[in-house]
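In what follows, a single structure is set out as structure tokens and then discussed.
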Amino acid sequence: MIELGRRLKQAQRWTADVVIVGTGAGGGMAASQLARRGLRVIALEEGPALAARDMSQREDEMMPLLYQDGGGRCTADLAIRVIGGRSVGGSTVHNINLCKRLAPEILDHWAREHRVSGLSEAELRPVFESVERDLSVSVIEPQRRNANNRVLERGVAALGWKGGPLSHNRLGCQGSGFCEIGCPYDAKQNAAKVLIPDAVDRGARVVSDVRVTRVVHDGQRARGVVGVALGADGRPLAEVRVDAGAVVLAGSAIGSAALALASHLPDPHARLGRGLRMHPGVAVAGLFDERIEGWKGIPQSYECTELLDLSPGSDRRIWITTAFAHPIGAAIMLPGFGEKHRAWMLRYPQIAVLTAMLHDETQGTVTLARDGRPRIEYVLTPSDSEQLARGVRACARLLFAAGAREVLVPSVPPIALTRPDQVESVPNAIARPHGMLMAAFHPMGTLCLGDDPRRAVVKSTAEHHQIQGLFVLDGSLFPTSIGGPPQIGIYTLSRHLSRHVAERVGRG
Amino acid sequence: MRADRRHFLRSFSLVSLAIGGGIALVRGGGYSLPPGVTVGQLAPWQWAVFDAVGARILAPERADVGSFADGYVAGLAARDRDDLMGLLAYVEHLAPLAAGFGPRFTQLAPEQQDRVLTSIEQHPIGLLRGGFQSLKALALMAYYRHDASFAALGYGGPAVKWSTQ
């Protein structure tokens, strides 16, 4: 049973072996693993606890419940929306269930260039396997591919490009297509469905609606956390303090970095909040003669990897998949306003949408704004902008190859293409800040791991270089972009590294 | 150099928003809410700007964007609310002047309002472009959240029949 922080009326002081901040892929896995070792675990989540019956499939209702800042969180220059989750289960509640392992090239690069030890592909392989087994990961079969994904598959085949099916963690899926605003059928085999109940069954306390504001430490050792229980309207209700032998930060690369900064952790090499990586994405729409009805069925079941090479220094850093939205999301994505915008909306059933996501080299920062909230500075490097523009052109080519009669690039001003030979005229400049609508997913890297304290915030064991008993187990750990969906990587690192947390509190 | 230019542009846009707010104070009279409309967060002029911007974003459709915005603003952090109100002042007072129109936005003809909005949408200052996207998103949310908007799109809407509200 998840405890509801919004019901707390007076200050609380609790004791645990381990307190975990955040309940997404990293926090949920850590809670389960540590509870299985018999540790007294308390996991605190800023967002609400939602059950399947709370998912109404309505964008305007679910966005404020499931997303940070109602889905409106942006970089400081307002150029890029930054997507992050905020309910029990974190981003695994709204993600599309994509499952990809951390690529061997990435892990090798971390070992060589970032002095990450103990995380080779061979060492992680059995952990990946057990995570995938526990979360029921399987390939989405061709007969379950929806029309939008068949468009991508057709484009890939027509151009002779590299592509293939994707794996998801879903069981009992009804194919309703509302995944990004929560599943009312409880088909997502995610942190909220699989790991949090497992942790609770083994004695962990999981408390929703508690925003942790500070890690308590004495400059050498973590002692616990202080936070505040929030009402349904976000107003503070009561102070919550947890005294613990170890603290695990698992509130995402944005939230964990902000908490680390607010806690004035030692930072002798100015690494806290630095090195923010994300996967900025742009969408391109194709108009077809037939009905696509892209909102129906399983989203993102196929990928194109023609422009994706994860080797260091590669000049092919674009991952392409499908991206369809329900009416509000689609309307926001389509360019312009007034009658021209409406005309596109009226062709909504005939539109297929592809997205190009960047395996970035840009390094942003998370700092604290004056009001204490995270401030995200992230401006694409020229090379990354060029890659994204290349991705836009690739999406346009794929859509034409699949039979689109018109392709719309939602830039400012918009570019409408009616022939494939026009694609190369799309300039690199469209991917400059505010050149087109951009959303960034999967923040990473702000508290990265590695054995060199001058370059990394935490050791390869995930324990802070300076503060004993303070661990990070979320996407903040990744020293670089990973070029794909991160949940399996986060689940796996959390599972693999949480034994060090147990060792720190004497239950290794 | 790049960072300096960004800093300059950001400062310039913030100053523009402040000037818009200043002008709003000088010529801020003459607004009233339509009969039956009540607001909890917005001043009447703010409601009127949201309503007028929404009408052009959604044209030829309509939605009660002013009242929707009134509820939406209540959930925003103070910093975001202040930014949005500064943007409204810019739209109402400064953007028309920059586009060559004397009257404030809510007093312009629809075609003139479209020209003002286009100038903000394509403004060289990124923050203003970003601000336009926020206003656009708010208006679209006000309209496309209603089941009545779905039929024309051929969209079936939620399969489950419950609501969180």
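Read top to bottom, the protein sequences are chains S and W. Residues 1 to 508 in the numbering used here are what the first sequence lists, from first letter to last. Residues 1001 to 1165 in the numbering used here are what the second sequence lists, from first letter to last. Even glycine gets a Cβ: it sits at the ideal position worked out from N, Cα and C.
Between the C-alpha atoms of W/L1128 and S/L78, what's the straight-line distance to the nearest angstrom?
-> Take the alpha-carbon of W/L1128 and the one of S/L78: they are about 9 angstroms apart.
State the Cα-Cα distance for the pair S/N97 and S/R317, rounded to the nearest angstrom.
-> Cα to Cα, the separation comes out at about 22 angstroms.
Let me know the alpha helix (DSSP H) ranges lying completely inside the segment 1035-1078 of chain W, each 4 residues or longer, listed in chain order.
-> The qualifying runs are 1044-1058 and 1065-1074.
If the cut is a Cβ gap below 7 angstroms, which residues of chain S does W/L1042 touch?
-> Within chain S, no residue has its CB atom less than 7 angstroms from the CB of W/L1042, the nearest being about 18 angstroms off.
Would you tell me roughly how many angstroms separate the C-alpha atoms of S/R202 and S/S256, rounded to the nearest one?
-> The straight-line gap from Cα to Cα measures roughly 26 angstroms.
Kindly say whether W/P1035, judged by its beta-carbon, lies nearer than 9 angstroms to any beta-carbon of chain S.
-> No, no contact with chain S.
Tell me which same chain residues have a C-beta within less than 8 angstroms of the C-beta of W/P1103, skipping the five on either side of it?
-> For W/P1103, where only same-chain residues beyond five positions count, the Cβ hits under 8 angstroms are P1096.
What span of residues does the alpha helix (DSSP H) with S/S138 cover, start to end?
-> Careful: S/S138 lies outside any alpha helix (DSSP H), inside the beta strand (DSSP E) at V137 to V139.
Which same chain residues, not among the five before or five after S/G484, have their C-beta less than 7 angstroms away from its C-beta?
-> The beta carbon of S/G484 lies closer than 7 angstroms to those of K100 and W319 in the same chain, with the five residues before and after it left out.
Considering only residues of the segment 264-338 of chain S, which uninterrupted alpha helix (DSSP H) runs meet the minimum length of 4 residues and lie entirely inside it, listed in chain order?
-> Counting only runs of 4 or more, we get 327-333.
Any idea if S/R125 is buried or exposed, counting beta-carbon neighbours within 10 angstroms, 16 or more meaning buried?
-> By the neighbour-count criterion, in which a residue is buried when 16 or more other Cβ atoms sit within 10 angstroms of its Cβ, S/R125 is exposed.
Is the CB of W/D1080 under 9 angstroms away from at least one CB in chain S?
-> Using a Cβ-Cβ cut-off of 9 angstroms, W/D1080 counts as an interface residue toward chain S, since at least one Cβ of chain S sits closer than that to its own.
Along chain B, in chain order, which residues have C-beta atoms closer than 8 angstroms to that of W/E1061?
-> No chain B is present in this structure, whose protein chains are S and W.
If we count the other Cβ atoms within 10 Å of its Cβ and call it buried at 16 or more, is S/E424 buried or exposed?
-> S/E424 comes out exposed.
Under 9 angstroms, do S/A31 and S/A204 count as touching if we go by C-beta distance?
-> Closer than 9 angstroms, so yes.
Is the distance from the Cβ of W/A1098 to the Cβ of W/Q1112 below 9 angstroms?
-> In terms of Cβ geometry, W/A1098 and W/Q1112 do not form a close pair [threshold 9 angstroms].
Tell me, please, whether the CB atom of W/F1050 is closer than 9 angstroms to any CB atom in chain S?
-> Judged by the 9 angstroms Cβ criterion, W/F1050 is not in contact with chain S.
Local conformation of W/Y1155 per DSSP, three classes | When DSSP states are grouped into helix, strand and coil, W/Y1155 belongs to the coil group.
In the segment 67-134 of chain S, which residue ranges form an unbroken alpha helix (DSSP H) of at least 4 residues, counting only runs that do not cross its ends?
-> With a minimum length of 4 residues, the continuous alpha helix (DSSP H) runs that stay inside the segment 67-134 of chain S are 104-113 and 121-134.
Measure the beta-carbon distance from S/R6 to W/S1163 and round it to whole angstroms, keeping in mind my assumption that it falls under 8 angstroms.
-> Between the beta-carbon of S/R6 and that of W/S1163 there is about 19 angstroms, and that puts the pair past the 8 angstroms contact cut.
Shorter than 9 angstroms from the beta carbon of S/M278 to some beta carbon of chain W?
-> Interface flag for S/M278 against chain W is unset, since no Cβ pair is found closer than 9 angstroms.
Is it a yes or a no for the segment 331-339 of chain S touching the segment 169-181 of chain S, going by three-plus beta-carbon pairs under 8 angstroms?
-> No, because fewer than three Cβ pairs between the segment 331-339 of chain S and the segment 169-181 of chain S fall closer than 8 angstroms, the two stretches do not touch.
Give the secondary structure of S/E3 by DSSP, where H, G and I count as helix, E and B as strand, and everything else as coil.
-> The DSSP-derived three-state label of S/E3 is strand.
In chain W, which residues lie less than 7 angstroms from S/Q57 when you measure between Cβ atoms?
-> Counting only Cβ-Cβ distances below 7 angstroms, S/Q57 has contacts in chain W at P1158, A1159 and V1160, in chain order.
For W/M1141, decide whether its Cβ has a neighbour in chain S, counting only Cβ atoms nearer than 9 angstroms.
-> Chain S contact via Cβ: present.
So is W/R1145 in contact with chain S if we call contact Cβ pairs under 9 angstroms?
-> For W/R1145, the answer is yes, since a Cβ of chain S falls inside 9 angstroms of its Cβ.
Buried or exposed: S/H341, going by 16 or more other Cβ atoms within 10 Å of its Cβ?
-> It counts as buried.
Taking all protein chains shown into account, do 16 or more other C-beta atoms lie within 10 angstroms of the C-beta of W/P1158, making it buried, or fewer, making it exposed?
-> Counting every other CB atom within 10 Å of its CB across the protein chains shown gives W/P1158 a total of 16 or more, marking it as buried.
Indicate whether S/G89 and S/A199 have their beta-carbon atoms separated by less than 9 angstroms.
-> Cβ atoms of S/G89 and S/A199: not closer than 9 angstroms.
Who are the neighbours of S/I490 on chain W, taking C-beta pairs under 8 angstroms?
-> None at all; the shortest Cβ gap to chain W is about 27 angstroms.
Taking W/F1150 as the query, report the chain S residues whose CB atoms sit under 9 angstroms from its CB, ordered along the chain.
-> Within 9 angstroms Cβ-Cβ: P327.
Answer with yes or no whether the minimum CB distance from W/D1114 to chain S is below 9 angstroms.
-> Answer yes: the Cβ-Cβ gap between W/D1114 and chain S drops below 9 angstroms somewhere.
Can you have a look at W/P1124 and say buried or exposed, based on whether 16 or more other CB atoms are within 10 angstroms of its CB?
-> Exposed, by the Cβ-count rule.
S/I492 - containing alpha helix (DSSP H), residue span | The question names Ile, yet the displayed sequence has Thr at residue 492 of chain S. Run containing S/T492: Q487 to R504, per the alpha helix (DSSP H) assignment.
Taking 8 angstroms as the line, does the beta carbon of W/G1030 fall inside it for any heavy atom of the ligand ATP?
-> The ligand ATP is not part of the structure shown, which contains no ligands of any sort.
Do S/E121 and S/D108 have their CB atoms nearer than 9 angstroms?
-> Cβ atoms of S/E121 and S/D108: closer than 9 angstroms.
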